[in-house]
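**Student:** What follows is a single structure, and I will ask about it in a moment.
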Amino acid sequence: MRKILRFDELDSTNAYAKRNCSLILDQTIIVAKTQSAGRGRMRRTWLSEPGGLYFSIVLKPKQIDFLPNLTQGMALAVCQTLRTLKAQPQLKWPNDVLVNNKKICGILSEAVTSKNGFEALIVGVGVNVAQKDLSRAGQPAVSLTQLGVPVDTDKLLDLIVDRFFARYESLLKQGFSAIRTEYLNYFSYIGKEVTIQHGAAPVCGTVETISPEGKLVLNTPAGQTIISIGDMCI
Ligand code: BTN
1 MRKILRFDEL
11 DSTNAYAKRN
21 CSLILDQTII
31 VAKTQSAGRG
41 RMRRTWLSEP
51 GGLYFSIVLK
61 PKQIDFLPNL
71 TQGMALAVCQ
81 TLRTLKAQPQ
91 LKWPNDVLVN
101 NKKICGILSE
111 AVTSKNGFEA
121 LIVGVGVNVA
131 QKDLSRAGQP
141 AVSLTQLGVP
151 VDTDKLLDLI
161 VDRFFARYES
171 LLKQGFSAIR
181 TEYLNYFSYI
191 GKEVTIQHGA
201 APVCGTVETI
211 SPEGKLVLNT
221 PAGQTIISIG
231 DMCI
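Going letter by letter, the sequence shown gives residues 1 to 234 in the numbering used here.
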């Protein structure tokens with residue numbers, strides 16, 4: 001049985017997991033109905049009003065070669081789960097889930113380290129489920145309710161977590177190659193012109209593919225460029 005810690009409100013499920021990491025067992029799930037300081041990627045905030053699904057999984061694996069790919073594995077688990085519910089999401093590299101170019105799920109993974117080295121990876125997931133107004137999300141966003149796909153948040157949590165853990169061991173052993181074919185099925189950016197924002201200088205180019213390591217391969221005026229991290233914009 002997986003351990004689930006449930007809260008009506010937290011500042012952030014990721015922040016709670018980080019603060020209490022040493023006391024939390026491997027594969028524990030922390031869920032909150034709302035977050036007062038939900039965290040997004042690139043130091044953004046994540047609007048966390050009631051109706052959404054907000055959770056973090058604390059992972060303490062022994063094999064740590066492929067940690068970034070666990071986040072991509074979670075994005076795939078969410079995308080496939082939403083497809084079974086008849087929504088039609090796509091993946092946006094590295095780990096966003098969008099419907100009609102509107103964000104329906106974001107994932108923020110944070111590592112916890114101590115003087116002994118790596119302690120845990122916290123994989124934090126926000127899914128827009130039953131919110132009726134996402135105009136304050138700070139980016140184009142949509143919920144399952146707005147798409148006419150009703151689902152109970154607890155049921156959705158179970159479905160996503162089961163899918164994630166079904167691939168967990170192979171992700172730890174093989175990294176992105178364990179999921180590359182499936183991931184590419186839902187990745188519709190190949191051949192498109194994109195800009196990658198990260199740091200001071202954005203990189204523009206045409207998407208060629210995603211490498212077996214899970215990196216974005218771009219054709220740019222300077223030649224083929226492999227991107228490990230960043231925000232992809234069209
Ligand atoms: C993104 O910017 O796309 C990532 C958003 C991640 C939000 C989730 S909600 C649960 C967990 N707790 C947080 O504070 N953030 C993540």
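Where is the CB? At the ideal position from N, CA and C, for every residue including glycine. As the structure is a prediction and not an experimental result, all values here were calculated from the model.
Is the separation between the beta-carbon of R167 and that of G73 shorter than 7 Å?
**Tutor:** Yes, these two residues count as a Cβ contact at 7 Å.
**Student:** Would T28 and K3 be called neighbours here (beta carbons separated by less than 7 Å)?
**Tutor:** Result yes, Cβ atoms of T28 and K3 sit closer than 7 Å.
**Student:** Hey, Q35 and D11 are a contact pair by Cβ (cut 8 Å); roughly how many whole angstroms apart?
**Tutor:** That pair is a contact at about 6 Å.
**Student:** Given a cut-off of 7 Å, decide if F66 and G230 are closer than it, judged by their beta-carbon atoms.
**Tutor:** No, Cβ-Cβ distance for G230 and F66 is not below 7 Å.
**Student:** Using CA coordinates, which residue listed in V142, A222, I234 is at the minimum distance from N100?
**Tutor:** The residue with the shortest Cα to Cα distance from N100 is V142.
**Student:** Is the separation between the beta-carbon of L236 and that of L53 shorter than 7 Å?
**Tutor:** No answer is possible for residue 236: the residues shown for the chain start at 1 and end at 234.
**Student:** From the DSSP output, in three-state form, read off E208 for me.
**Tutor:** Strand.
**Student:** Hey, how far is the Cα of S22 from the Cα of H198?
**Tutor:** If I take the Cα positions, the gap works out to 32 Å.
**Student:** Just checking L108 against ligand 1 - is the residue's beta carbon closer than 6 Å to any of the ligand's heavy atoms?
**Tutor:** L108 Cβ: within cutoff of ligand 1.
**Student:** Looking only at its chain, what residues have a beta carbon closer than 7 Å to the beta carbon of A17, apart from the 5 residues adjacent to it on each side?
**Tutor:** Around A17: I24, I30, S56, V58, I122.
**Student:** Is S36 helix, strand or coil when you go by DSSP?
**Tutor:** In the structure shown, S36 sits in coil (DSSP, three-state: anything other than H, G, I, E or B).
**Student:** With distances taken Cα to Cα, identify the nearest neighbour of T220 among G124, R6, I196.
**Tutor:** Of the listed residues, the one whose Cα sits closest to T220 is I196.
**Student:** Compute the Euclidean distance between the alpha carbons of A77 and I160, then round it to the nearest angstrom.
**Tutor:** Taking the straight line joining both Cα atoms gives about 6 Å.
**Student:** Starting from A111, follow the beta strand (DSSP E) in both directions and report where the run begins and ends.
**Tutor:** Per DSSP, A111 belongs to the beta strand (DSSP E) from 102–114.
**Student:** What are the boundary residues of the beta strand (DSSP E) that L121 is part of?
**Tutor:** Where L121 is concerned, the enclosing beta strand (DSSP E) stretches over 117–127.
**Student:** Based on the DSSP secondary-structure assignment, which residues constitute the bridge partners of I4?
**Tutor:** Partner(s): I29.
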